[in-house]
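Undergrad:
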DNA sequence: GTCTATATTGGGATAGAC
DNA sequence: GTCTATCCCAATATAGAC
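Protein chains in written order, with this note's numbering: chain A, 123 to 314; chain B, 123 to 314.
#1: Which residues in chain A sit within 8 Å of residue 305 of chain B, going by Cβ to Cβ distance?
#2: Less than 8 Å separating the beta-carbons of residue 274 of chain B and residue 286 of chain B?
#3: Any idea if residue 201 of chain A is buried or exposed, counting beta-carbon neighbours within 10 angstroms, 16 or more meaning buried?
#4: Quick check on residue 298 of chain B - is its C-beta less than 8 Å from some C-beta in chain A?
#5: Quick check: residue 145 of chain B and residue 182 of chain B, are their CB atoms within less than 8 Å of each other?
#6: Classify residue 170 of chain B: buried if its beta carbon has 16 or more other beta carbons within 10 angstroms, exposed otherwise.
#7: Closer than 8 Å is the cut-off here; do at least three beta carbon pairs connect the segment 203–219 of chain B with the segment 280–294 of chain B?
#8: Residue 235 of chain A and residue 234 of chain B look like a contact to me (Cβ under 8 Å); what is the Cβ gap, rounded to whole Å?
#9: Comparing C-alpha positions only, which one of A/193, A/131, A/160 and A/157 sits nearest to residue 172 of chain A?
#10: Using a Cβ-Cβ cutoff of less than 8 Å, which residues in the same chain neighbour residue 249 of chain B once the five nearest sequence positions on both sides are dropped?
#11: I think residue 196 of chain B touches residue 245 of chain A, with their Cβ atoms under 8 Å apart; what is that distance to the nearest whole Å?
#12: Report the option in B/252, B/224, B/293 and B/280 whose CA atom is closest to the CA atom of residue 210 of chain B.
#13: Pick from A/193, A/272 and A/261: whose alpha carbon is nearest that of residue 229 of chain A?
#14: Compare the C-alpha of residue 272 of chain A against each of A/142, A/237, A/168 and A/308 and name the closest.
#15: For residue 302 of chain B, would you say it is in contact with chain A, using Cβ-to-Cβ distances shorter than 8 Å as the test?
#16: How would you write the range of the alpha helix (DSSP H) that residue 156 of chain A sits in, first residue to last?
#17: Quick check on the DSSP output: the alpha helix (DSSP H) that includes residue 195 of chain B runs from which residue to which?
#18: Going along the chain, which residues of the segment 284–297 of chain B sit with their C-beta nearer than 8 Å to a C-beta in chain A?
#19: With H, G and I counted as helix, E and B as strand and the rest as coil, what does DSSP make of residue 235 of chain A?
#20: Does the Cβ-Cβ distance between residue 208 of chain B and residue 262 of chain B come in under 8 Å?
#21: May I ask you to report which of helix, strand or coil DSSP gives residue 241 of chain A?
#22: So is residue 244 of chain A in contact with chain B if we call contact Cβ pairs under 8 Å?
#23: What span of residues does the alpha helix (DSSP H) with residue 178 of chain B cover, start to end?
#24: How far does the alpha helix (DSSP H) with residue 310 of chain B in it reach, from first residue to last?
#25: So, helix, strand or coil for residue 149 of chain B, using DSSP?
#26: Please check the pair residue 155 of chain B and residue 176 of chain B, which I expect to be a contact at CB under 8 Å, by giving their CB distance rounded to whole angstroms.
#27: Any idea what DSSP makes of residue 268 of chain B, helix, strand or coil?
#28: What separation, rounded to the nearest whole angstrom, lies between the Cα atoms of residue 312 of chain B and residue 278 of chain A?
#29: Could you round the C-beta distance between residue 149 of chain A and residue 161 of chain B to whole angstroms and report it? I think they count as a contact, below 8 Å.
#30: Residue 170 of chain A by DSSP, collapsed to three states: which one?
#31: Taking Cβ-Cβ distances below 7 Å as the criterion, which residues of the segment 150–181 of chain A are in contact with chain B?
#32: At 7 Å on the CB atoms, spell out the chain A contacts of residue 236 of chain B, in chain order.
#33: Report all residues from its chain with a CB closer than 7 Å to the CB of residue 204 of chain A; omit the five preceding and five following residues, and keep chain order.
#34: Let me know if residue 310 of chain A comes out buried or exposed under the rule of 16 or more other beta-carbons within 10 Å of its beta-carbon.
#35: At the level of alpha carbons, what is the spacing between residue 294 of chain B and residue 238 of chain A?
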């Protein structure tokens with residue numbers, strides 16, 4: 123066959139990465155398949171060999187982004203659970219700066235973009251939220267007994283903070299908000 | 123003249139209301155001027171007598187929605203500041219249910235939809251956020267001395283909670299999240 | 001201020017060659 | 001798997017009549 127082994131898988135990954143960048147930067151509707159494929163240096167015709175529709179791609183990209191999250195990754199062995207949680211938390215609340223990471227958090231960056239999409243997209247979003255919540259709770263419970271309710275609302279605060287901070291056009295307010303949420307999260311999760 | 127006095131102003135209000143409903147239900151890109159005007163029982167041609175562009179309409183609708191918020195309204199004289207804040211907070215955290223109110227909170231419902239729009243739209247969003255924060259702080263400071271940082275992060279939690287709750291496809295998780303945030307806000311704002 | 005008609009543009013998806 | 005070419009539809013915005 124004319125294509126090397128795993129060529130299809132590689133192409134698929136590339137489409138996912140290019141697509142996610144554009145979804146983050148422009149939202150679902152404003153991102154065209156044409157543009158995604160041009161960024162991959164392919165043409166639109168090739169798209170449908172990998173995905174059935176734009177919506178299916180969207181759900182897959184969100185799931186992929188959630189998997190790439192640092193929260194989903196392993197804790198470095200030289201850090202305690204508590205120290206690792208503090209590190210994750212402070213890095214999360216800096217992420218707003220112009221989506222510089224490769225896989226910005228879909229929970230914050232696409233929050234209101236997901237509501238109206240196909241069920242599979244909402245399912246990917248819900249699973250990501252549940253996973254983030256579980257990870258934080260598991261880390262927190264190794265050193266404190268903070269309640270499930272506390273973890274749930276802290277998770278919402280983190281996501282809300284990043285989503286809002288990205289949108290604010292007032293730099294001082296943005297910084298205040300991010301710093302306030304770090305402070306509150308540290309208190310609520312007993313990281314002080 | 124063939125049109126009654128204030129006809130233009132009435133029409134403008136009607137366009138704003140119909141447009142906002144659609145923006146909330148479908149987002150900016152998926153809302154067409156054609157559909158907005160059909161809902162107003164007018165045609166597309168009339169639109170440009172009232173607004174210069176869809177973006178300008180979007181900013182105006184967000185500003186209008188923020189003004190219509192209960193938070194921006196007057197406190198009933200028979201309620202203390204503390205009781206009124208508790209009432210506002212619990213009603214805010216029920217709002218997610220399918221946007222049943224006339225002017226759902228743009229901060230939560232349009233959070234990630236605003237980032238990429240014209241500066242005037244982001245400015246309207248920022249002003250709404252600052253106003254919500256100030257209102258909560260002013261009420262809270264009549265009976266407690268909670269910090270500005272606390273109020274900022276609580277505000278972000280409220281908005282984040284509603285935005286996320288709307289998106290979740292798991293009813294149990296949605297309810298847990300809303301209840302957890304009520305509980306946390308009550309604690310943080312000294313409303314217990 | 002509101003209408004109908006239209007110019008212009010662009011996107012999703014498919015067909016069929018290679 | 002990837003290409004080019006094409007079908008089909010919808011959207012913003014403008015023109016000009018009433």
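All residues carry an ideal CB built from backbone N, CA and C; glycine is no exception.
TA: Reading from the atomic positions:
#1: Position 183 of the second chain, counting from 1, holds the residue named residue 305 of chain B. Simply 271 and 275.
#2: As a first step, residue 274 of chain B is located in the second chain; it is residue number 152 there, counting from the start. As a first step, residue 286 of chain B is located in the second chain; it is residue number 164 there, counting from the start. Contact flag unset, no.
#3: Counted from its first residue, the first chain places residue 201 of chain A at position 79. Under this definition residue 201 of chain A is an exposed residue.
#4: The residue labelled residue 298 of chain B in the question sits at position 176 within the second chain. Closer than 8 Å: yes.
#5: To locate residue 145 of chain B, count along the second chain from 1; it is residue 23. To locate residue 182 of chain B, count along the second chain from 1; it is residue 60. No. Outside cutoff.
#6: Along the second chain, one-based indexing puts residue 170 of chain B at 48. It is exposed - the Cβ of residue 170 of chain B has fewer than 16 other Cβ atoms within 10 Å.
#7: yes
#8: Looking up residue 235 of chain A in the first chain gives position 113. Looking up residue 234 of chain B in the second chain gives position 112. About 5 Å; that satisfies the 8 Å criterion.
#9: Within the first chain, residue 172 of chain A is the residue found at index 50, counting from 1. For the residues A/193, A/131, A/160 and A/157, the minimum Cα distance to residue 172 of chain A belongs to A/131.
#10: On the second chain, position 127 is the one that residue 249 of chain B refers to. Excluding sequence neighbours, residue 249 of chain B sits near 185 and 188.
#11: Mapped onto the second chain, residue 196 of chain B falls at position 74. Mapped onto the first chain, residue 245 of chain A falls at position 123. Actually they do not touch by this definition, with Cβ atoms about 42 Å apart.
#12: Taking the second chain and counting its residues from 1, the one referred to as residue 210 of chain B is at position 88. Of B/252, B/224, B/293 and B/280, the residue nearest in Cα terms is B/280.
#13: Walking along the first chain from the start, residue 229 of chain A turns up at place 107. Of A/193, A/272 and A/261, the residue nearest in Cα terms is A/193.
#14: The residue labelled residue 272 of chain A in the question sits at position 150 within the first chain. Considering only alpha carbons, the answer is A/308.
#15: Start at 1 with the first residue of the second chain, and residue 302 of chain B comes out as number 180. So, interface residue.
#16: For this step, residue 156 of chain A is matched to residue 34 along the first chain. Run containing residue 156 of chain A: 155–161, per the alpha helix (DSSP H) assignment.
#17: Within the second chain, residue 195 of chain B is the residue found at index 73, counting from 1. Where residue 195 of chain B is concerned, there is no enclosing alpha helix (DSSP H), given that its DSSP letter is neither H nor E.
#18: 285, 286, 288, 289, 290, 291, 292 and 295
#19: Position 113 of the first chain, counted from the start, is the residue given in the question as residue 235 of chain A. Residue 235 of chain A: helix per DSSP, three-state reduction.
#20: Counting from one through the second chain, the residue named residue 208 of chain B turns up at place 86. Counting from one through the second chain, the residue named residue 262 of chain B turns up at place 140. Their beta carbons are not under 8 Å apart, which means residue 208 of chain B does not touch residue 262 of chain B by this criterion.
#21: On the first chain, position 119 is the one that residue 241 of chain A refers to. Three-state DSSP puts residue 241 of chain A in a helix.
#22: Here residue 244 of chain A corresponds to residue number 122 of the first chain, with the count starting at 1. True, the Cβ-Cβ gap to chain B drops below 8 Å.
#23: Along the second chain, one-based indexing puts residue 178 of chain B at 56. Unbroken alpha helix (DSSP H) run through residue 178 of chain B: 176–190.
#24: Locating residue 310 of chain B in the second chain gives position 188, where the first residue counts as 1. First-last of the alpha helix (DSSP H) with residue 310 of chain B: 293–310.
#25: The residue you call residue 149 of chain B lines up with position 27 of the second chain. Of the three classes helix, strand and coil, the one that applies to residue 149 of chain B here is coil, per DSSP.
#26: Counting from one through the second chain, the residue named residue 155 of chain B turns up at place 33. Counting from one through the second chain, the residue named residue 176 of chain B turns up at place 54. Yes, residue 155 of chain B and residue 176 of chain B are in contact; Cβ-Cβ is about 6 Å, under 8 Å.
#27: Taking the second chain and counting its residues from 1, the one referred to as residue 268 of chain B is at position 146. Note: residue 268 of chain B maps to coil in three-state DSSP.
#28: As a first step, residue 312 of chain B is located in the second chain; it is residue number 190 there, counting from the start. As a first step, residue 278 of chain A is located in the first chain; it is residue number 156 there, counting from the start. If you take the alpha carbons of residue 312 of chain B and residue 278 of chain A, they lie about 20 Å apart.
#29: Residue numbering aside, residue 149 of chain A sits at position 27 when the first chain is read from its first letter. Residue numbering aside, residue 161 of chain B sits at position 39 when the second chain is read from its first letter. The Cβ separation is near 23 Å, so there is no contact.
#30: On the first chain, residue 170 of chain A is found 48 positions in, with the first residue counted as 1. Residue state, collapsed to three classes: coil.
#31: 151 and 152
#32: The sequence position of residue 236 of chain B within the second chain is 114, counting from 1. Neighbours of residue 236 of chain B on chain A, chain order: 289.
#33: One-based indexing of the first chain puts residue 204 of chain A at position 82. Result list for residue 204 of chain A: 265 and 313, in chain order.
#34: Numbered from 1 along the first chain, position 188 holds the residue referred to as residue 310 of chain A. Buried: at least 16 other Cβ atoms inside 10 Å.
#35: Sequence index remark: in the second chain, residue 294 of chain B carries index 172 (1-based). Sequence index remark: in the first chain, residue 238 of chain A carries index 116 (1-based). The straight-line gap from Cα to Cα measures roughly 20 Å.
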